[in-house]
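Notes for the one structure printed next.
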Amino acid sequence: MRKPENNKNPAPTVRFVQIDVEQAGQRIDNFLLRLCKGVPKSHLYKALRSGEVRVNKGRIGADYRLAQGDTVRVPPLRLPQAGEPRAVPPGVFPIIFEDESLLVVNKPAGVAVHGGSGVAFGVIEQLRAARPGATLELAHRLDRETSGLLMVAKQRRALLALHQMMREGRGRKHYQALVVGDWVNDKQHLRQPLLKWLTATGERRVKVDREGKEAHTIITLRKRYGRFSLLEAELRTGRTHQIRVHLAAAGHPIVGDDKYGTDEVRDRFTRLGFNRMFLHAFLLEIPHPLSGEGLVLQAELPPACEQILDWLEHHS
């Protein structure tokens, strides 16, 4: 008798990957992110911390740099096959404000706002799974590694009103960023135009370029920590990676920025247990999309950011 076909994915198995000359020099965490596309970053860091990922049979940290000839043990990390639907777990995020037309949540770092580009799902998909039948649309975006206030419209007319508000510059979005270096001016306007481009591997990047779009960021110094500075950044335009690129172009990249920062700084803070970018959307000053009433919404710095500031306070 013919056995019934099994259409389920085969169980994942341990893989051993030999590092060649082109892969040498990469940090192990970045290598795994490229090798295991679609696997959540949090899962990969957990595998590193637990020792499931090994190099030459030994445990390593997330900042380990691969050498030619290294053998990397990659633990079983199952991914759906092409065409297989991925279940979206309902998401519960801290609610800062909610009424019949607007929802504002405090997004954690490391969570995308929506699925795509190797990410199975994001905040908006998880909110929809938690609220079946509700109308929920992103009013704007935050980078995956940026934490803080995220606006979600619950009505179509609220969404259109929020988009118009942002086009007309009637809202204010404020961020806190820890940057490398001693920021000099108490207040400074950064107005360099920004242009999107793609790397040879197809990754999206942004650079200062005279052919780019107008961009305006207002920087206010909050506190100095010796070789680092805590800044407040107010967006007056909403370009991709705007704060990150403006600060990097000014010679003060954000701590933990894996696109525009330095490996040396990222490695240093990783050893301190800080595995994210220090950029947090902490304040929204907007008119309500329907009533026009002024709203002032705040999200405190995450504990990881507070802890690193406390460490700098005592060691700067």
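Going by UniProt numbering, the letters in the sequence shown line up with residues 1 to 316, in that order.
Note that CB positions come from ideal geometry on N, CA and C, so glycine has one too.
Quick one: what's residue 216 bridged to in DSSP? Answer by DSSP bridge pairing: none, since residue 216 is not bridged.
Hey, how far is the Cα of residue 358 from the Cα of residue 200? The structure shown does not extend to residue 358, since the chain spans only 1 to 316, so no value can be given for it.
Cβ neighbour criterion (16 or more within 10 Å) applied to residue 275: buried
Cutoff 8 angstroms; reference residue 310; Cβ partners in own chain excluding five residues on either side: none
Closer than 7 angstroms by C-beta to residue 70: which residues in its own chain qualify, once you throw out the five before and the five after it? Chain order, please. 19, 55 and 56
Reducing DSSP to helix, strand and coil, say where residue 199 ends up. coil
Between 60, 111 and 66, which lies nearest to residue 149 when the distance is taken from Cα to Cα? 111
Buried or exposed: residue 270, going by 16 or more other Cβ atoms within 10 Å of its Cβ? buried
Would you tell me roughly how many angstroms separate the C-alpha atoms of residue 61 and residue 51, rounded to the nearest one? 9 angstroms
Could you check the C-alpha separation between residue 301 and residue 229 for me, to the nearest Å? 15 angstroms
Quick check on this structure: which residue in 32, 305, 315 and 17 has the alpha carbon closest to the alpha carbon of residue 145? 305
Given this structure, state the Cα-to-Cα distance separating residue 73 from residue 143, to the nearest angstrom. 30 angstroms
With DSSP collapsed to three states, give me the class of residue 8. Legend: pLDDT at residue 8 = 49, less than 50; position of this residue unreliable, value from coordinates given subsequently. Of the three classes helix, strand and coil, the one that applies to residue 8 here is coil, per DSSP.
Taking DSSP as the reference, what is the three-state secondary structure of residue 308? helix
Out of 268, 250 and 232, point me to the one whose CA is closest to residue 279's CA. 232
Proximity winner among 192, 303, 225 and 198, relative to residue 210 (alpha-carbon distances): 192
Given 8 angstroms, three or more beta-carbon pairs between the stretch 161-168 and the stretch 206-220: no
Bounding residues of the alpha helix (DSSP H) (the contiguous stretch that carries residue 291): First-last for residue 291: undefined, no H or E at that position.
Limits of the unbroken beta strand (DSSP E) element including residue 188: 187-190
Assuming residue 242 contacts residue 194 under a Cβ cut-off of 8 angstroms, what Cβ separation, rounded to an integer in Å, is found between them? 6 angstroms
Taking the DSSP output, what are the residues bridged to residue 30? DSSP lists no partner for residue 30.
Would DSSP call residue 165 helix, strand or coil? helix
Confirm, please, whether the CB-CB distance from residue 172 to residue 283 is below 9 angstroms. yes
Euclidean distance between Cα positions of residue 91 and residue 128: 8 angstroms
Please classify residue 242: does DSSP put it in a helix, a strand, or coil? helix
Cα-Cα separation, residue 29 to residue 292: 46 angstroms
What residue range does the alpha helix (DSSP H) around residue 129 cover? 123-130
Paired residues, beta bridge with residue 229 - DSSP: 179 and 224
Would you mind sorting residue 106 into buried or exposed? The rule is 16 or more other CB atoms within 10 Å of its CB. buried
Run through the DSSP bridge pairs and tell me what residue 281 is partnered with. 148 and 175
Which residue or residues does DSSP assign as beta-bridge partners of residue 56? DSSP lists no partner for residue 56.
Measuring CA to CA, which of 295, 236 and 15 is closest to residue 167? 236
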